[in-house]
């Protein structure tokens with residue numbers, strides 16, 4: 001991720017980290033396990049513009065939340081704050 005590699009996850013029920021603060025659909029490709037045989041087709045369908053945008057997003061997410069212990073802690077706190085705020089509003 002530090003170099004802009006777009007994660008591709010093929011796992012049903014995968015729970016994304018920091019899901020309240022990271023819009024993972026703009027950072028990674030998430031495929032249901034049943035679509036594993038279509039991986040090449042799905043990846044080739046991503047336009048060059050979208051791929052560049054996703055790579056930039058991957059690097060941003062890496063730098064902000066993953067590259068250091070402090071980033072991970074900040075991400076956890078930010079995620080909990082966001083979820084707590086959402087829970088209070090409902």
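Residue numbers (this note's numbering): 1 to 90.
Beta carbons are placed, not taken as given, at the ideal position from N, Cα and C, and that holds for glycine.
Proximity of residue i and residue j at Cβ, strictly below 8 Å
i: residue 4; j: residue 55; result: yes
i: residue 8; j: residue 31; result: yes
i: residue 33; j: residue 10; result: yes
i: residue 62; j: residue 72; result: no
Integer-rounded CB distance, given that residue j should sit under 8 Å from residue i
i: residue 6; j: residue 29; result: 6 Å
Outcome for residue i when other beta-carbon atoms lying within 10 angstroms are tallied against a minimum of 16
i: residue 37; result: exposed
i: residue 26; result: exposed
Inter-residue spacing [alpha-carbon to alpha-carbon] between residue i and residue j
i: residue 35; j: residue 45; result: 14 Å
i: residue 47; j: residue 60; result: 20 Å
i: residue 83; j: residue 51; result: 29 Å
#### Entry: Segment contact, 8 Å Cβ cut-off, at least three pairs: the stretch 21–39 with the stretch 70–84
In this structure the stretch 21–39 lies against the stretch 70–84, because at least three pairs of beta carbons, one per stretch, are closer than 8 Å.
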